[in-house]
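Encoded as structure tokens, the structure appears first; notes follow it.
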Amino acid sequence: MSIDLHLSVTMAAYAGAGICIGIGAIGAAVGEGYTASEATLATSRRPELSGEIFKTMLVGQAISESSSIFTLVISLVLLFTKLPAVSIVSVVVPLAAGLCMGFGALGSGIGAGYPAAAACTGIARQPAMASRLNTNMIIGSAVCQTPSTFALVISFILLYSNFSGHPAAPTWAAILGAGLATGLAAIGPGLGSGLVAQAGCEGTARNPEQAKTATNTMLLGQAIAQTTAIYGLLVSFILIFRSFPPSDLLAPPMGLLAAGICVGVGAIGPGIGVAMAARSAVAWIPRNPTITNELIRTMLIGAAVAESTGIYSLVVSLVLIFVV
Amino acid sequence: MAIEGADLMKAAAFLGAGIAMGFGAIGPGVGEGITAAKACEAIGHNPREAGLITRTMLVGQAVAESTGIYSLVIALLLLFVV
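Sequence order for the protein chains is A and U.
Each residue of the first sequence is one higher than the one before, starting from 8 at the first, in my numbering.
Each residue of the second sequence is one higher than the one before, starting from 153 at the first, in my numbering.
Below, the structure written as structure tokens:
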């Protein structure tokens, strides 16, 4: 029984849409729930501040929601637009886009819940710093969302690129690998950046005089945590835009697919680990401002070591693409 | 051939709907559960403000529910519209 190509593309689009919204809905819901939980605790501590806490909770939840709005958009695009059907590559494209955005929204959604929760708790603790806490929350959550915007960009590039010039044989694996690379790589950094931002907001509430230092260290830590997501984005771009020679063997496609999985899954650990190092440093700077330099130095050394396996997976990924 | 084609499309649509709602139910479940747990703790700390705390909890849970609604919408679209 031969399956019509248009039919296969539609089937893949339905499956991709389901995966996209299914996995993508998890992150924002968990993050928003955590935010609401800390908001209720803060309200119980200081009921007279409930209005301010409520507002902060809603703003924080809205930022967390943005990544799942991206998944909803990609799902609706997959359901209702007519995708071109050229070769087996066209069948893989919707699946790759769905996986990319679905996983991409997972980490960012959960991560953005943490700074919002810390901002709500911080307002109960230090009401005078409410506007500063809101600002810190928005900055931290916004950085947290960048991996899911990477995933959105890659999903759109996958859906709207013209792959007809490329040979079907290894390109299907390159597309799937590209989707998995950015999608999986967004989990760790998204979650991790949220952990750092949580410490930033909590430190600002604990010691308002150190707000500036805490914020700067928070941004530094978040930037280091984001690097593995950028590795995933880089590998995705290489896999999408490099033209691979046609091949009938099994090894070249598997190599490209493995490259995507390698850099994607390999970004989870360093993303969270670097963020935990940065989180501790940011949490302790307001508690003991005199040792700020030692803390930042230790944070950088520790983060560099934690980053090492992320660099190994990038290297192996590039070797899989270019050397073997 | 035409019947087989429509059958396969329905199969893929059902699979997508199942994955969408199945996985999509995880998040709101966990998130709203955490909210409820902390709300109970909050009322334990401050029983007088139970009404305010419950209200905050319900609003927060409603926002967390939204992504579950998105999944439900996509699943229903896959089942009945496409």
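Cβ atoms here follow ideal geometry from the backbone N, Cα and C, with glycine treated the same way.
All of these numbers come straight from a predicted model, not from anything done at the bench.
Check, Outcome
"Pull up the CB-CB distance for V160/A and A285/A, whole angstroms please, since I reckon it's below 8 Å.", "With 8 Å as the limit, V160/A and A285/A do not qualify as a contact, their Cβ atoms being about 25 Å apart."
"Apply the 10 Å Cβ neighbour rule to Y319/A and answer buried if 16 or more other Cβ atoms are within range, or exposed otherwise.", "exposed"
"So what does DSSP say about Q133/A, is it helix, strand or coil?", "coil"
"Quick one, which of P252/A, M225/A, A192/A has its alpha-carbon nearest F388/A's?", "This structure cannot settle anything about residue 388/A, because the visible part of chain A is limited to 8 through 331."
"Please check if any C-beta of chain A sits within less than 9 Å of the C-beta of F175/U.", "yes"
"My guess is that A158/A and T189/A are in contact by the Cβ rule of under 8 Å, so how many angstroms apart are they, rounded?", "5 Å"
"From the beta carbon of L228/U, is the nearest beta carbon of chain A less than 9 Å away?", "no"
"From the DSSP output, in three-state form, read off S94/A for me.", "coil"
"Cutting at 6 Å between CB atoms, please list the residues of its own chain near A232/A, excluding the five before and the five after it.", "P196, G199, S200, G278, V281, A282"
"Anything in chain U within Cβ reach of Q68/A, meaning under 8 Å, just list it in chain order.", "G212, V215, A216"
"Examine the Cβ distances between the region 119-133 of chain A and the region 36-48 of chain A and report whether three or more of them are shorter than 8 Å.", "yes"
"What number of angstroms, rounded off, separates the C-alpha of S171/A from the C-alpha of I26/A?", "25 Å"
"Under 8 Å by Cβ, that's how I've got T235/A and G317/A pegged, so tell me the actual separation to the nearest angstrom.", "4 Å"
"Between which two residues does the alpha helix (DSSP H) holding P253/A run?", "Neither: P253/A is in no alpha helix (DSSP H) and is coded neither H nor E."
"Does DSSP put T88/A in a helix, in a strand, or in coil?", "coil"
"Please go through the same chain and pick out, in chain order, the residues whose beta-carbon is closer than 8 Å to the beta-carbon of L86/A, but skip the five residues on each side of it.", "A20, Y21, A24"
"Can you list the alpha helix (DSSP H) stretches of 4 or more residues lying completely in the region 241-292 of chain A, in chain order?", "258-273"
"Of all Cβ atoms in chain U, is any one closer than 9 Å to the Cβ of Y167/A?", "no"
"Could you have a look at N198/U and say whether DSSP puts it in helix, strand or coil?", "coil"
"Quick check on R200/U: buried or exposed, where buried means 16 or more other Cβ atoms within 10 Å of its Cβ?", "exposed"
"Note the first and the last residue of the continuous alpha helix (DSSP H) segment covering V326/A.", "299-329"
"Is the beta carbon of F232/U within less than 8 Å of some heavy atom of the ligand MG?", "Judged by which ligands are present, the structure shown has none, so any question about the ligand MG falls away."
"With the cut-off set at 9 Å, would you say A92/A and L165/A are in Cβ contact?", "no"
"Rounded to a whole number of angstroms, what is the C-alpha to C-alpha distance between A88/A and A181/A?", "The sequence as given places Thr at residue 88/A; Ala does not occur at that position. C-alpha separation (whole angstroms): 23 Å."
"Using beta-carbon positions only, say whether A274/A and L183/A come within less than 9 Å of one another.", "no"
"Taking CB distances under 9 Å as the criterion, tell me whether S97/A reaches chain U.", "no"
"Just reading off the alpha helix (DSSP H) that A43/A is part of, what are its end residues?", "12-52"
"Of the residues L241/A, S15/A, G129/A, I237/A, which one's Cα is nearest the Cα of L56/A?", "G129/A"
"Check this for me: beta carbons of G157/U and L12/A, under 9 Å apart or not?", "no"
"Three or more C-beta pairs closer than 8 Å, one from the region 238-245 of chain A and one from the region 209-216 of chain A: is that the case here?", "no"
"For the alpha helix (DSSP H) containing V233/U, name the first residue and the last one.", "Per DSSP, V233/U belongs to no alpha helix (DSSP H) and is neither H nor E."
"For E45/A, go through chain U and note every residue whose CB falls closer than 8 Å to its CB, in chain order.", "K190"
"Residues of chain U with CB closer than 8 Å to the CB of T17/A, please, in chain order.", "M161, A164"
"Pick helix, strand or coil for P174/A, following the three-state DSSP scheme.", "coil"
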